[in-house]
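Taking it in order: structure first as structure tokens, then the write-up.
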Amino acid sequence: MKVCVLPGDGIGPEIVAEAVRVLEALRSDGLALEMETAQLGGSAFDVSGSPYPEATQKLARAADAVLLGAVGGPQWDALPRPLRPERGLLGIRKDLGLFANLRPALLFPELAHASSLKPEIVSGLDILIVRELTGDIYFGEPRGIEVRDGQRVGWNTMIYSESEIRRIAKVGFDAARRRNRRLCSIDKMNVLETTQLWRDVVTEVSADYPDVELSHMLVDNAAMQLVRAPKQFDVLLTGNIFGDILSDEAAMLTGSIGMLASASLDANNKGLYEPSHGSAPDIAGKDIANPLATILSAAMMLRYSFDNEEAALRIENAVKSVLAQGLRTADIWEAGKRRVSTHEMGNAVIAAL
Ligand code: NAI
Ligand code: MG
């Protein structure tokens with residue numbers, strides 16, 4: 002298994018270093034894994050003049066999975082758009098054809114106090130949002146702003162083809178199979194034809210997954226249910242725009258940005274794995290960033306790209322164990338707990354493995 006490692010900018014190199022050490026620890030236990038490092042984002046621009054250089058493209062295309070830190074920072078904000086760090090990220094996502102975004106909202110019971118919701122509503126929350134990433138109203142044509150009858154009008158096109166819906170539905174059902182076998186598909190079929198098709202196709206795909214319980218929910222109700230009783234869900238399947246909003250809402254239920262992993266997959270389970278947070282330039286280089294989101298992203302990589310549930314669970318259980326031991330980086334620290342650095346947190350996870 003070949004992994005392309007992209008530390009990126011800001012805290013990226015610090016948190017990725019810890020995830021790499023965790024993977025190395027599993028490798029010394031027999032996990033067959035090769036890792037090669039390349040550059041992406043602002044640091045890539047600094048050395049090569051491109052946020053997604055050719056050498057990185059080659060390595061990313063040849064790899065089975067990509068592990069990324071984060072990109073961006075104020076020192077690159079003045080660059081013209083095509084050279085900016087986030088172009089590197091958009092570039093690699095497009096290049097690898099990553100159409101499925103998987104974002105778990107997982108709240109370890111020890112961190113329930115970090116949520117803005119009551120502990121009894123969120124403690125132990127474990128849901129997964131599967132969001133389509135390359136279609137929908139964000140990409141539909143035609144689009145634009147023009148003057149009609151003397152006033153400006155703006156418009157976009159919400160469009161999904163049956164094949165686009167089918168492939169994301171499969172990812173959703175497959176993910177549900179690895180979890181608690183319940184999938185809730187989100188749409189707005191009462192007013193949008195696109196999402197009537199969405200509901201029809203998802204229902205058709207469900208015939209291949211008789212072991213997964215399918216339900217449907219209108220997006221406005223889903224937004225409400227996520228803050229009212231989020232633990233009712235297992236996997237939520239959404240289009241691009243609904244998923245954009247609902248995945249941020251779900252992420253915030255946990256209140257701990259340093260804990261949230263993510264995956265973006267292509268049709269063959271090749272994936273890019275990264276924490277949901279950014280490059281945190283305000284704390285870069287201080288050895289205080291929380292590496293757990295990146296370590297949990299590495300666990301997702303083992304689960305989804307390498308089909309190694311056992312190794313994924315080993316990492317996740319190690320993370321649970323360090324939290325139970327009372328170790329906390331600054332972002333999740335509370336009185337009475339032991340504050341540790343980025344590197345110490347990595348050490349603790351490896352010890353727990
Ligand atoms: P951010 O997620 O980098 O930081 C927001 C806040 O959370 C900051 O106070 C930061 O210190 C804290 N934080 C984030 N990750 C943390 C961690 N692992 N441990 C402890 N604290 C953590 O978002 P922000 O500030 O909006 O963006 C900073 C830079 O990151 C920008 O250049 C932005 O473009 C980039 N960015 C990159 C993303 C990516 O590479 N996928 C995603 C979001 C932002
Ligand atoms: Mg968003």
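First residue of the sequence shown? That's 2 in this note's numbering, and the numbers climb one at a time after it.
C-beta: ideal position from N, C-alpha, C; glycine also.
Sequence-distant Cβ neighbours of ASP78 in its own chain, meaning closer than 8 Å and more than five residues away, are ARG85.
Around the CB of ARG329, 16 or more other CB atoms lie within 10 Å, so the residue is classed as buried.
Remark: the shortest separation between the CB of GLY74 and any heavy atom of ligand 1 falls under 6 Å. For LEU27 and ALA312, the gap between their C-alpha atoms comes out near 8 Å.
In this structure, SER116 has its CB at a distance of at least 6 Å from all heavy atoms of ligand 1. Residue side-chain check: ILE284 places its Cβ nearer than 6 Å to a non-hydrogen atom of ligand 1. Your pair LEU129 and MET302 does not check out as a contact, with CB atoms roughly 15 Å apart and the cut at 8 Å.
The beta carbon of ALA281 sits closer than 8 Å to the beta carbons of GLY11, ILE12, ALA71 and ALA290 from its chain, once the five residues preceding and following it are set aside; these are given in chain order. With a minimum length of 4 residues, the unbroken runs of alpha helix (DSSP H) contained wholly in the region 143-212 fall at 163-179 and 194-206. Taking the C-beta atoms as reference points, TRP199 is found nearer than 7 Å to ILE166.
In the assembly as shown, SER263 is a buried residue. Its beta-carbon has 16 or more other beta-carbons within 10 Å. DSSP places ARG82 within a helical segment (H, G or I) once states are collapsed to three.
By a beta-carbon distance limit of 8 Å, GLY89 contacts TYR53. Their separation comes to about 4 Å.
The DSSP-derived three-state label of ASP127 is strand. Cβ neighbours of ALA251 within its own chain (closer than 8 Å, five residues either side excluded): ARG104, ALA106, ILE128, ILE130, LEU227, PRO231 and LEU237. Nearest C-alpha to ARG178 among SER29, MET2 and SER207: SER207. Rounded to whole angstroms, the gap between the alpha carbons of GLU310 and VAL6 is 21 Å. Pairing LEU219 with GLU205, the inter-Cα distance amounts to about 18 Å. The Cβ atoms of ARG132 and SER216 do not sit closer than 7 Å to each other. Residues of the same chain with a CB within less than 7 Å of the CB of ASP308, apart from the 5 flanking positions on each side, do not exist. Of the residues ILE242, SER342 and ALA268, the one whose Cα lies closest to the Cα of GLY286 is SER342. If you ignore the 5 residues before and after LYS3, its C-beta comes within less than 7 Å of the C-beta of GLU35, ALA63, ALA64 and ASP65, all in its own chain and listed in chain order.
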